[in-house]
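K.L.:
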Amino acid sequence: MQSSSILITGGLGFIFSHVTEYFTAKGWRVIVIDNLSRGSQPQIVNGTFKHYNLDVSDEAVMDVIKSENPEFVVHAAAISDVDYSIKNPHETLKKNILANINVFEACRSLPNLKKLIYVSTDEVYGECEHRKSEEEIIFPKNPYSCSKAAGSLLRIAYDNTYTSLMNKTAETRFCNVFGPRQDSAKIMSAIKRSINGEYSIPLHGEGGGYREYTYVRNIAPAIELILESGNRTYNLTSNDGFTVKDLIQKVEEVTGKKIITHPGDRPGMDMKYQMDATRIRELGWKPLYTFEEGLKEYFSTEE
Ligand SMILES: NC(=O)c1ccc[n+]([C@@H]2O[C@H](COP(=O)([O-])OP(=O)(O)OC[C@H]3O[C@@H](n4cnc5c(N)ncnc54)[C@H](O)[C@@H]3O)[C@@H](O)[C@H]2O)c1
């Protein structure tokens with residue numbers, strides 16, 4: 005894809021710091037709005053892209069987006085931790101939902117806009133007895149996933165209502181992403197710390213929670229593909245699914261090390277997320293890394 009201008013909210017976070025670097029390396033004009041809150045990686049700010057230290061839930065951000073006038077916008081900023089959202093529902097819902105509104109509002113008056121991607125999650129489906137497809141009902145069951153689902157609905161409403169955005173928006177629903185720079189409380193990161201002997205992992209639901217995993221380096225090319233040719237909602241998973249117990253066993257096999265755990269609890273936890281990825285595959289997405297390749301690279305990366 006030809007280099008252009010892209011504004012990324014949350015572009016200093018775990019996943020999108022990699023996306024920011026991907027587009028910067030390709031010579032794009034990259035603008036990041038990120039308030040340096042939890043999950044942020046301020047060490048990547050190095051002058052190759054523009055960074056605004058602003059809260060996207062603040063209405064002032066709309067003027068910044070308009071004045072930067074980018075061709076592409078990816079809205080990924082969010083309070084992303086489920087446990088935090090359960091302890092702080094008011095803050096999570098308020099900030100994440102207002103951020104969604106501000107970004108959609110600003111984007112509908114961008115004269116050069118080619119595509120807006122809203123970044124969502126498999127969690128919006130709630131319990132997944134089978135692999136959920138994009139057309140199925142969303143049924144979020146915790147404050148975090150509820151705030152993300154609000155954005156999923158707004159995306160449809162704005163695309164459908166405002167001619168300036170019609171067919172110019174898309175949404176991604178990622179499975180569990182893992183890789184370097186991930187918050188230390190997330191499962192793969194916790195496993196890595198446990199291997200290094202630093203940490204005992206709280207096993208929610210006795211380790212029976214089933215999730216699909218993909219390596220973080222699979223994400224930026226998928227975003228580029230959707231910017232170029234996507235205008236719908238896309239599940240993003242390579243369908244590598246495991247219970248936490250099985251995942252721990254797999255990592256013990258790969259690394260030959262023992263992982264320490266103890267019983268933990270998360271109220272109202274969904275036991276299974278799994279998605280159908282036919283749509284993104286038909287668009288042309290092929291993961292760069294298999295699960296095993298990602299695992300090997302991640303566990304051999306010094307952080
Ligand atoms: N990590 C996953 O496995 C996963 C899976 C599915 C979807 N997602 C979605 O992907 C996106 C990124 O997730 P992540 O795990 O990289 O998150 P993260 O918590 O590591 O990063 C979030 C970034 O957004 C910034 N941010 C948060 N609220 C903000 C606000 N109000 N204003 C400005 N900046 C703000 C933070 O400073 C941080 O840099 C999120 O939208 C999340 O819902 C993540």
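Residue numbers for the sequence shown follow the working numbering, beginning at 5 and rising by one. Just so you know, even glycine gets a beta-carbon here, dropped at the ideal spot from N, CA and C. Values in this document were obtained by computation on a predicted structure and should not be read as measured data.
1. From Ser8 to Phe76, what does the alpha carbon distance come to, in whole angstroms?
2. Start and end of the alpha helix (DSSP H) containing Val255?
3. With distances taken between CB atoms, is the gap from Ala153 to Pro147 smaller than 8 Å?
4. I'd like to know whether the C-beta atoms of Val34 and Ala80 end up nearer to each other than 8 Å.
5. Starting from Ala174, trace the beta strand (DSSP E) both ways and give me its first and last residue.
6. What number of angstroms, rounded off, separates the C-alpha of Thr96 from the C-alpha of Val36?
7. In angstroms, rounded to a whole number, what distance separates the CA positions of Val181 and Asn200?
8. Whose C-alpha, out of Gln47, Arg42, Leu117, Ile48, is nearest the C-alpha of Lys70?
9. Give every residue of the same chain whose Cβ lies closer than 7 Å to the Cβ of Thr247, excluding the five residues on either side of it in the sequence, and list them in chain order.
10. Return yes when at least one heavy atom of ligand 1 lies under 7 Å from the C-beta of Lys99, else no.
11. Between Ser156 and Val128, how many whole angstroms is the CB-CB distance? I'm expecting something under 8 Å.
12. Could you check how far apart the C-beta atoms of Arg135 and Gln278 are, in whole angstroms? I think they sit under 8 Å.
13. Between the Cα of Ile105 and those of Asn73, Ala161, Ile48, spot the shortest distance and give me the residue it belongs to.
14. Confirm the yes/no value for this check: CB of Ser89, any heavy atom of ligand 1, distance under 7 Å.
15. Would you kindly report the start and end of the unbroken alpha helix (DSSP H) that includes Leu158?
16. How would you call Ile264, buried or exposed, if buried means at least 16 neighbouring beta carbons within 10 angstroms?
17. For Asn146, is the beta carbon positioned less than 7 Å from some heavy atom of ligand 2?
18. How about Ile227 and Val78: do their beta carbons lie closer than 8 Å?
P.N.:
On the basis of the data shown:
1. Against the sequence shown, residue 8 aligns to sequence position 4. Against the sequence shown, residue 76 aligns to sequence position 72. Distance between the alpha carbons of Ser8 and Phe76: 8 Å.
2. In the sequence shown, the residue the question calls residue 255 occupies position 251. 248-259 is the span of the alpha helix (DSSP H), which, as asked, contains Val255.
3. Here residue 153 refers to the residue found at position 149 of the sequence shown. Here residue 147 refers to the residue found at position 143 of the sequence shown. For Ala153 and Pro147, no; Cβs fall outside 8 Å.
4. Locating residue 34 in the sequence shown gives position 30, counting from the first residue. Locating residue 80 in the sequence shown gives position 76, counting from the first residue. No, these two residues do not count as a Cβ contact at 8 Å.
5. In the sequence shown, the residue the question calls residue 174 occupies position 170. Counting along the chain, the beta strand (DSSP E) containing Ala174 begins and ends at 173-178.
6. Along the sequence shown, read from residue 1 onward, the residue named residue 96 stands at position 92. Along the sequence shown, read from residue 1 onward, the residue named residue 36 stands at position 32. Cα to Cα, Thr96 sits roughly 21 Å from Val36.
7. Within the sequence shown, residue 181 is the residue found at index 177, counting from 1. Within the sequence shown, residue 200 is the residue found at index 196, counting from 1. Approximately 21 Å, taken between the alpha carbons.
8. In the sequence shown, counting from the first residue as 1, residue 70 sits at position 66. Closest option to Lys70, Cα to Cα, is Leu117.
9. The count along the sequence shown starts at 1 and reaches residue 247 at position 243. Once the five neighbours on either side are set aside, the close Cβ partners of Thr247 are Gly211, Gly212, Gly213, Tyr214.
10. Along the sequence shown, read from residue 1 onward, the residue named residue 99 stands at position 95. Flag set: Cβ of Lys99 near ligand 1.
11. Walking along the sequence shown from the start, residue 156 turns up at place 152. Walking along the sequence shown from the start, residue 128 turns up at place 124. Their Cβ separation, rounded to whole angstroms, is 6 Å, which keeps Ser156 and Val128 in contact under 8 Å.
12. Here residue 135 is taken as the residue at index 131 of the sequence shown, counted from 1. Here residue 278 is taken as the residue at index 274 of the sequence shown, counted from 1. Confirmed, about 5 Å.
13. By 1-based counting over the sequence shown, the position of residue 105 is 101. The alpha carbon of Ile105 has as its nearest neighbour, out of Asn73, Ala161, Ile48, the alpha carbon of Ala161.
14. Translated into the one-based positions of the sequence shown, residue 89 becomes position 85. No, Cβ of Ser89 sits at least 7 Å from all heavy atoms of ligand 1.
15. Position 154 of the sequence shown holds residue 158. Unbroken alpha helix (DSSP H) run through Leu158: 147-165.
16. Residue mapping note: residue 264 aligns to position 260 of the sequence shown, counting from 1. Exposed, because fewer than 16 other Cβ atoms sit within 10 Å of the Cβ of Ile264.
17. Among the ligands in the structure shown, ligand 2 does not appear; only ligand 1 can be found there.
18. Against the sequence shown, residue 227 aligns to sequence position 223. Against the sequence shown, residue 78 aligns to sequence position 74. Cβ distance < 8 Å, so Ile227 and Val78 count as in contact.
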